[in-house]
Every structure is written in structure tokens, then in C-alpha cells.
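Read through the structure below, which is laid out as C-alpha cells, and then see the notes.
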Amino acid sequence: MRTLLYALGPMLFDSLGVIVFAVLLVAGAGIVAATITGTAVAIAVVGYELARGKKVAALQWISLASVLLTAAATLFTGDPRFVMAKPTIVYLIVGSVMLRKGWLNRYVMPEQQALVGDVMDRFGMIWAALMFASAALNLVVAIFFTAWWPLFVGIFPLASKFGLFAVHIAVVHFIGQARLRRRADFSSPAKAGAQRT
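If you want it as C-alpha cells, here you go:
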């Protein structure tokens, strides 16, 4: 539970602008209102980190960039089709960033990195695959099922990410505990002696 809470906080904070954008869309606020509010929240998140002298995480920059692109496209063109296609571009960019080794280290406690760092790197690839799949699915819905797109973009991205997040945390916790038990078994003098005989 401690591991889940440690990882959940930064993930929600990093994606707050996009989450607000999606929730407002589902609530029927309209694309312009959702975009402006999501942009304001994403700017506030980045500004808060900079004011504290902290390094701004990649997902925070991506969240800000995605809502800014949406805001510009919506306000200058008034064409909702661009907004519908925008998540595909963002997912492709995010997926490419997620291919970088070690990007998930921010979401695990420092003392656990040596224990489960390799598992985190494998999940980094799984997260990237989810982004690429989301990019393709968004394009299909935007083109062929346009009327369903607001509902899709309001539910699927968050649901799929929280679903994978839950699996990710559970698997990392399970493997971490198994490795700790194995280390304890090997370091136990009685068991070590038994293995030598």
C-alpha cells in the first residue's frame, strides 16, 4: 500500500492537466472550456515545481505541451477534428519518451530501485506499448466513430492508464517481496549451511 501511494501521488500530479481536460469533456463542459482549464492546471503544475526549485518531470512537460497544443488548435482554427486527432500525436510522443530506460524511477522509492529497477524498465516498455496502442485507437475512433470520441477520450485514456498502473504496482510489489525473501533465505546462516552440505 505504501508503494502504491508513493507512486500514485506523482503520477496524478504529473498528469493533472490532462486529467482535468478529460474529466471536463466527459462532464459536458465543451472542448474550449476543457482545454483552457486543462492548460491553466498544467501551467500551474509546472510553475509550482519551478517555484520550489524542483526538476520538472518529463510527463509534466508533456501534459503541459498537450493541453497547449489543444488550446492553440481549438482557439485559432475552431476545428474540432484537429482536437480529436491531437491525442494521437501526443500519445506517439509520450510513447517515444517512455522508451527511454529509467524514466519510471521517479515512481518508485529510492531504496527499492536496486531491488526492482529491472522490472521498472520492462514496465517502461509496456507503458510505451500502451501509448502507441492508444494513439492508434484514438485515430480510429476520431475518424470512424466521431460522435463517440468525447466519451472515448474522457474514459479510455484514464481507465487504461489506471488499470495498467494497478497491474504495474502489484507486479512490482510481488516481485520485490519475492526477491527480499530470497535474499533473506540466502543470508540466513542455518540455510546457507544447509545449502553447502
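Counting with this note's numbering, you get residues 36 to 232 for the letters of the sequence shown. In this text, a Cβ means the ideal position worked out from N, Cα and C, and glycines have one as well.
Secondary structure at Q212, three-state DSSP: helix, strand or coil?
Of the three classes helix, strand and coil, the one that applies to Q212 here is helix, per DSSP.
Beta-carbon separation of A57 and V188 under 8 Å?
The answer is yes: Cβ separation under 8 Å.
I want to know whether the region 181-198 touches the region 153-160 - three or more CB-CB distances under 8 Å.
Touching, no.
Please list, in chain order, all residues of the same chain as L85 whose beta carbon is under 7 Å from its beta carbon, the five residues on each side excluded.
Non-local C-beta neighbours of L85 in its own chain, meaning closer than 7 Å and more than five positions away in sequence, comprise V91, ordered along the chain.
In terms of residue numbering, what span does the alpha helix (DSSP H) encompassing G159 cover?
According to the DSSP assignment, G159 belongs to the alpha helix (DSSP H) that extends over Q148 to F179.
Check whether the Cβ atoms of V81 and L186 lie closer than 8 Å to each other.
The beta carbons of V81 and L186 sit no closer together than 8 Å.
N- and C-terminal bounds of the alpha helix (DSSP H) containing G82:
Taken as a continuous stretch (DSSP letters only), the alpha helix (DSSP H) holding G82 covers I66 to A86.
Got a sec? Which residues, its chain only, sit under 7 Å from A227 by beta carbon, not counting five neighbours each side?
The predicted position of A227 is uncertain, since its pLDDT is 49 and thus under 50; no value can be drawn from it.
Counting along the chain, where does the alpha helix (DSSP H) carrying G52 start and finish?
Boundaries of the alpha helix (DSSP H) around G52: L51 to V61.
Sequence-distant residues of its chain with Cβ nearer than 7 Å to S195 (five each side left out):
Within the same chain, S195 has close Cβ partners L165 and S169.
Helix, strand or coil at V206 according to DSSP, with G and I counted as helix
Reduced to three states, the DSSP call for V206 is helix.
Pull up the distance between the alpha-carbon of L39 and that of I204, whole angstroms please.
Only weak support is given to the placement of L39: the predicted model assigns it a pLDDT of 48, under 50, and the question is left unresolved by the model.
Within 10 angstroms of the Cβ of A219, are there 16 or more other Cβ atoms? Answer buried if so, exposed if not.
Its Cβ having fewer than 16 others within 10 Å, A219 is exposed.
Classify G198 as helix, strand or coil using the three-state DSSP reduction.
Here G198 carries a helix assignment [DSSP, helix/strand/coil].
With a CB to CB cut of under 6 Å and the five nearest residues on each side skipped, what residues in its chain are close to L127?
Closer than 6 Å at the Cβ level, and outside the excluded window around L127, lie A170.
Indicate whether L103 and V76 have their beta-carbon atoms separated by less than 8 Å.
In terms of Cβ geometry, L103 and V76 do not form a close pair [threshold 8 Å].
Whether W162 touches M119 by CB criterion (8 Å)
Judged by their CB atoms, W162 and M119 are not nearer to each other than the 8 Å cut-off.
My assumption, with CB atoms under 8 Å, is that T123 sits in contact with L193. Please give the rounded CB distance.
Between T123 and L193, the beta carbon gap of about 17 Å keeps them out of contact (Cβ cut-off 8 Å).
Contacts around L215, its chain only, beta-carbon distance under 6 Å, and the 5 residues preceding and following it disregarded
Within the same chain, L215 has no close Cβ partners at all.
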